[in-house]
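Chains as they are written, first to last, in the working numbering: chain A, 467 to 885; chain B, 467 to 885.
There are 2 protein chains.
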Amino acid sequence: MRILIPGGDGYLGWPTALYLSQRGHEIAVLDNLSRRKWDEELETSSLTPIHSLEERIAAWGKFSGTHMPYFLGDVTDYAFLSSIVADFRPEAIIHFAEQRSAPFSMIDRQHAVATQVNNVIGTLNILFAIKEYRQDCHLVKLGTMGEYGTPNIDIEEGFLEVHHNGRRDVVPFPKQPGSFYHLSKVHDSHNIMFCCRTWGIRATDLNQGVVYGAVTDETVTDETLINRFDYDDVFGTALNRFCVEAAIEHPITVYGKGGQTRGFIDLRDTVRCVELACNNPPKPGEYRVFNQFTEQFSVMELAQVVRRAAATMGWDASVQHIPDPRVEQEEHYYNAKHSKLQDLGLTPHLLSQSTLERILGLAVRYRERVDRWVLMPRVDWRVSRNDRGHHIPARKSERVEASAAQNQSASLHSQFFSR
Amino acid sequence: MRILIPGGDGYLGWPTALYLSQRGHEIAVLDNLSRRKWDEELETSSLTPIHSLEERIAAWGKFSGTHMPYFLGDVTDYAFLSSIVADFRPEAIIHFAEQRSAPFSMIDRQHAVATQVNNVIGTLNILFAIKEYRQDCHLVKLGTMGEYGTPNIDIEEGFLEVHHNGRRDVVPFPKQPGSFYHLSKVHDSHNIMFCCRTWGIRATDLNQGVVYGAVTDETVTDETLINRFDYDDVFGTALNRFCVEAAIEHPITVYGKGGQTRGFIDLRDTVRCVELACNNPPKPGEYRVFNQFTEQFSVMELAQVVRRAAATMGWDASVQHIPDPRVEQEEHYYNAKHSKLQDLGLTPHLLSQSTLERILGLAVRYRERVDRWVLMPRVDWRVSRNDRGHHIPARKSERVEASAAQNQSASLHSQFFSR
Numbered sequence: 467m468r469i470l471i472p473g474g475d476g477y478l479g480w481p482t483a484l485y486l487s488q489r490g491h492e493i494a495v496l497d498n499l500s501r502r503k504w505d506e507e508l509e510t511s512s513l514t515p516i517h518s519l520e521e522r523i524a525a526w527g528k529f530s531g532t533h534m535p536y537f538l539g540d541v542t543d544y545a546f547l548s549s550i551v552a553d554f555r556p557e558a559i560i561h562f563a564e565q566r567s568a569p570f571s572m573i574d575r576q577h578a579v580a581t582q583v584n585n586v587i588g589t590l591n592i593l594f595a596i597k598e599y600r601q602d603c604h605l606v607k608l609g610t611m612g613e614y615g616t617p618n619i620d621i622e623e624g625f626l627e628v629h630h631n632g633r634r635d636v637v638p639f640p641k642q643p644g645s646f647y648h649l650s651k652v653h654d655s656h657n658i659m660f661c662c663r664t665w666g667i668r669a670t671d672l673n674q675g676v677v678y679g680a681v682t683d684e685t686v687t688d689e690t691l692i693n694r695f696d697y698d699d700v701f702g703t704a705l706n707r708f709c710v711e712a713a714i715e716h717p718i719t720v721y722g723k724g725g726q727t728r729g730f731i732d733l734r735d736t737v738r739c740v741e742l743a744c745n746n747p748p749k750p751g752e753y754r755v756f757n758q759f760t761e762q763f764s765v766m767e768l769a770q771v772v773r774r775a776a777a778t779m780g781w782d783a784s785v786q787h788i789p790d791p792r793v794e795q796e797e798h799y800y801n802a803k804h805s806k807l808q809d810l811g812l813t814p815h816l817l818s819q820s821t822l823e824r825i826l827g828l829a830v831r832y833r834e835r836v837d838r839w840v841l842m843p844r845v846d847w848r849v850s851r852n853d854r855g856h857h858i859p860a861r862k863s864e865r866v867e868a869s870a871a872q873n874q875s876a877s878l879h880s881q882f883f884s885r
Numbered sequence: 467m468r469i470l471i472p473g474g475d476g477y478l479g480w481p482t483a484l485y486l487s488q489r490g491h492e493i494a495v496l497d498n499l500s501r502r503k504w505d506e507e508l509e510t511s512s513l514t515p516i517h518s519l520e521e522r523i524a525a526w527g528k529f530s531g532t533h534m535p536y537f538l539g540d541v542t543d544y545a546f547l548s549s550i551v552a553d554f555r556p557e558a559i560i561h562f563a564e565q566r567s568a569p570f571s572m573i574d575r576q577h578a579v580a581t582q583v584n585n586v587i588g589t590l591n592i593l594f595a596i597k598e599y600r601q602d603c604h605l606v607k608l609g610t611m612g613e614y615g616t617p618n619i620d621i622e623e624g625f626l627e628v629h630h631n632g633r634r635d636v637v638p639f640p641k642q643p644g645s646f647y648h649l650s651k652v653h654d655s656h657n658i659m660f661c662c663r664t665w666g667i668r669a670t671d672l673n674q675g676v677v678y679g680a681v682t683d684e685t686v687t688d689e690t691l692i693n694r695f696d697y698d699d700v701f702g703t704a705l706n707r708f709c710v711e712a713a714i715e716h717p718i719t720v721y722g723k724g725g726q727t728r729g730f731i732d733l734r735d736t737v738r739c740v741e742l743a744c745n746n747p748p749k750p751g752e753y754r755v756f757n758q759f760t761e762q763f764s765v766m767e768l769a770q771v772v773r774r775a776a777a778t779m780g781w782d783a784s785v786q787h788i789p790d791p792r793v794e795q796e797e798h799y800y801n802a803k804h805s806k807l808q809d810l811g812l813t814p815h816l817l818s819q820s821t822l823e824r825i826l827g828l829a830v831r832y833r834e835r836v837d838r839w840v841l842m843p844r845v846d847w848r849v850s851r852n853d854r855g856h857h858i859p860a861r862k863s864e865r866v867e868a869s870a871a872q873n874q875s876a877s878l879h880s881q882f883f884s885r
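Following this line, the structure appears as structure tokens:
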């Protein structure tokens, strides 16, 4: 199958490209390298020393004998995007080319606007390019479980059967997202659903849980193919960050009570789920939603499993509750369905001691690269930001100044700096 | 009350500004005049000869003795918007500054993107300006009943009580909008709801039905204050367009079967509803939705009432079914609740013979200004458009050429041109 992967240089896009290439699909990567630029802006970097896209592609060609073309540019640039769709003629587009961090979108107005414009317009452009040049192309779109929020009812896969005043309908599951990033994915979902209904486009919306892990069978074949692994406050996700904290003997940072419960998935299952979606396309006009995760955990449960796994490796990791920088329920009901991908053939990698040891091992291997400054949250959902100054102190020297200025306050920052 | 009205030069914004000014509120208008520019682009114009914003404001000052400041600029320009919010210090912002035509948003990719960027980013900017400068300011936002689509269950006002698998919750009413414009309003609703919950902003989302009529007590006090009245395929709405068609002895154009049922509201009730929302603000942090319409009609019912009203004035208006340019159900269940504004004191102007005669009278008065070329739909939801050419023939000469080119096809255009 000919597959175009916008965002193919990122944490999920890159291993997906390799996985599908290895299975004989004809892959092209499209990326604007913005994820690498955001690391520079935020003074963070991948725990793992990733290579340039050019080097990665060359290494994969050498290892696999496969030429994987890549295109440097932006999905919000329609002339660029549509020319690639017209020329490459993909049968599926796996769309990872979105800003995917909730804290990033909450930094200030500019980051909120940049996130929604990039994600919403990028997806609109892909939909128009499919309509214009490849009507039959299957859009596989990365959504997020965070679109649903934490309702007091079971979360279904995309749609909900409602009985109301003696009548019945099946309607889109109501969305209650918790950041400008999560909102952008909800906007995407509505736009895609409309285009399927109106134009007959076929799409799969993968409402993915929090991903953990770093490696797949492909990314370990050569050091140059190593995947990105984020542990910082803005792009790092819970389990990955906890493992890094344990590995450097930093307390495991739990936001608030830690009762926040979410769906989680191993990176190796992510790439498999995407393959299952591609191999089983929906009918023309069908908008389909899969909840792409394999297990639910509360943040506190995750902290405890990391702590226990670290203990078996000889480290005594502690758990520290810090004020939740997000506006979210710290204890709530959560029961999300996730059977559709298993019905298609997914055999989950559940969170095991060996998986945890592998992530902890990676963290130990690269512990010298860890920057402790970026473990604690720098973005607060409630704090007023404005256009007159950046919220995130851009340089470490500024952070020290900010620390001094905030010493009297009980803010997250002062808690961080007073440690 | 000090009230800022972005979009105060438009069909609803202008009479709202006058109405609230007349009642002693301190009003400032903010507008980028884009509605007037879109008329130029689409070769359409208001049936009524509207005056420039400068002339309107001067005439209102002369009539009322009230100085109403106005600011020319764009809500997507945050520096401009926020300086006005900071200086004028509004207690309420009534936000009309959105692209509000479904067909406009469906012309092609550029119009879809322009609509979503203008509407979503404009609203985000207003939310950020309130947070930064006027935390207590009440956002009164024009939404649309079209956000709900046509579900097979009763439509509630913003939220739905759901019982599912033995559990209960009250969730945002699921949205199934039918154009990129309607989608932009759904995106707004989600963004606003989030900002209320996260930042404690207070907002009223007025999910308005289709507005008819042109005049209020204020707009008729001086010819210079006359309100805009659209009858064209892109910005004209059903009842208003039907009256113009009847007045020029053009068949009343019903899209498809005409079983499409919607909520409708008299312009005089719109301004009153907005006042009721302002006078009864929600609590800080509350996101409130009112369904702002007074009666439901199917399109066919509307065509018949216009036909009967025209008959009493001596005209024999016919009804013509044309292929529906939209993708929508032409027959469906529809029962939308709309009690909250009446609970606050709205006494509706129901659609009466005298109201119809007034609109028909206006159409007759300005019948020489009617351009028959813009009555039939030029935008088709299904037709493939692309970035290599405009979909809407920009000039009448081009339309004639297009007509010749499409003579063999059964398209809407050829139907139109072969009449």
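Beta carbons: idealized from backbone N, C-alpha and C, even for Gly.
(request) Name the two residues that bound the continuous beta strand (DSSP E) containing B/G612. (result) Segment: none, B/G612 is in no beta strand (DSSP E) and carries neither H nor E.
(message) Counting only C-beta atoms, is B/W504 closer than 8 Å to chain A at any point?
(response) no
(message) My output table needs one value for A/R728: the three-state DSSP class, helix, strand or coil.
(response) strand
(request) Express the C-alpha separation of A/V677 and A/R861 in angstroms, rounding to a whole number. (result) With a pLDDT of 45 at A/R861, under the threshold of 50, the modelled position of this residue cannot be trusted; read the value that follows with caution. When rounded, the distance between both Cα atoms is 29 Å.
(request) Could you work out which residues of chain B lie near A/N585, taking near to mean beta carbons separated by less than 8 Å? (result) By Cβ distance, chain B contributes nothing, its closest Cβ being about 11 Å from A/N585, past 8 Å.
(request) Find out if the Cβ-Cβ distance for the pair B/L691, B/L484 is shorter than 8 Å. (result) yes
(request) Using alpha carbons as the reference points, say which of A/Q726, A/A669, A/V637 and A/K597 lies closest to A/I560. (result) A/A669
(message) Rounded to the nearest angstrom, what separates B/H604 and B/G624 at their Cα positions?
(response) 18 Å
(message) Among the candidates A/T685, A/S500 and A/T616, whose CA atom is the shortest distance from the CA of A/T581?
(response) A/S500
(request) Let me know the secondary structure DSSP gives B/I573 once reduced to three states. (result) coil
(message) If contact is defined by three or more beta carbon pairs under 8 Å, each pair taking one atom from either stretch, is the region 583–603 of chain A in contact with the region 540–559 of chain A?
(response) yes
(request) Could you pull out every unbroken alpha helix (DSSP H) segment of at least 4 residues lying fully inside the region 819–855 of chain A, listed in chain order? (result) 819–831
(message) DSSP three-state label for A/T664, please.
(response) helix
(request) Pull up the distance between the alpha-carbon of B/L547 and that of B/R833, whole angstroms please. (result) 39 Å
(request) Could you please give me the residues that DSSP links to B/H787 through a beta bridge? (result) B/V720
(request) Check whether the Cβ of B/R838 sits closer than 7 Å to any heavy atom of the ligand ADP, and report yes or no. (result) In the structure on display, the ligand ADP does not appear, and there are no ligands present to speak of.
(request) Name, going along the chain, the residues of the region 569–585 of chain B whose beta-carbon falls closer than 7 Å to a beta-carbon of chain A. (result) R575, A578, V579, Q582 and V583
(request) Tell me whether A/T510 sits in a helix, a strand or coil according to DSSP, three-state version. (result) coil
(message) Using 8 Å as the threshold, is the C-beta distance between A/H660 and B/P643 below it?
(response) The sequence as given places Phe at residue 660 of chain A; His does not occur at that position. Result yes, Cβ atoms of A/F660 and B/P643 sit closer than 8 Å.
(request) List the residues of chain A that B/Q565 touches, going by C-beta distances under 8 Å, in chain order. (result) Simply none; closest approach about 15 Å.
(message) Going by beta-carbon coordinates alone, are B/F730 and B/A743 separated by less than 8 Å?
(response) no
(message) Per the DSSP calculation, B/D671 is bridged to which residue(s)?
(response) B/K607 and B/V755
(request) Could you spell out the range, first to last residue, of the beta strand (DSSP E) harbouring A/A494? (result) E492 to D497
(request) Report the three-state DSSP secondary structure of A/Q874 (helix, strand or coil). (result) Note that A/Q874 scores 32 on pLDDT, short of 50, meaning its location in the model is unreliable and no value can be drawn from it.
(request) Report yes if the C-beta distance between A/A680 and A/L828 is below 8 Å; otherwise report no. (result) yes
(message) Restricting to Cα atoms, I'd like to know which of A/I621, A/L822 and A/I714 is closest to A/F639.
(response) A/I621
(request) Quick one: residues in its chain with C-beta nearer than 7 Å to the C-beta of B/A776, no 5 flanking neighbours on either side, listed in chain order? (result) A712, A783 and L826
(message) Just to confirm before moving on: does the CB-CB distance between B/R694 and B/G476 stay below 8 Å?
(response) yes
(request) Measure the beta-carbon distance from B/L733 to B/P481 and round it to whole angstroms, keeping in mind my assumption that it falls under 8 Å. (result) 6 Å
(message) So, under 8 Å CB-CB, B/R844 and B/D699 are touching, yes? Tell me the CB distance rounded to an integer number of Å.
(response) 5 Å
(message) Need the endpoints of the alpha helix (DSSP H) that B/Q565 sits in, please.
(response) That residue, B/Q565, is in no alpha helix (DSSP H); it is neither H nor E in DSSP.
(request) Examine chain A for any beta-carbon lying closer than 8 Å to the beta-carbon of B/Q819, and answer yes or no. (result) no
(message) Between which two residues does the alpha helix (DSSP H) holding B/Y477 run?
(response) Neither: B/Y477 is in no alpha helix (DSSP H) and is coded neither H nor E.
(request) Can you have a look at B/D497 and say buried or exposed, based on whether 16 or more other CB atoms are within 10 angstroms of its CB? (result) buried
(request) Give the single residue among A/N584, A/V836 and A/P791 whose Cα lies nearest to the Cα of A/E509. (result) A/V836
(message) What does the Cβ neighbour count give for B/H629, buried or exposed, with the cut at 16 atoms within 10 Å?
(response) exposed
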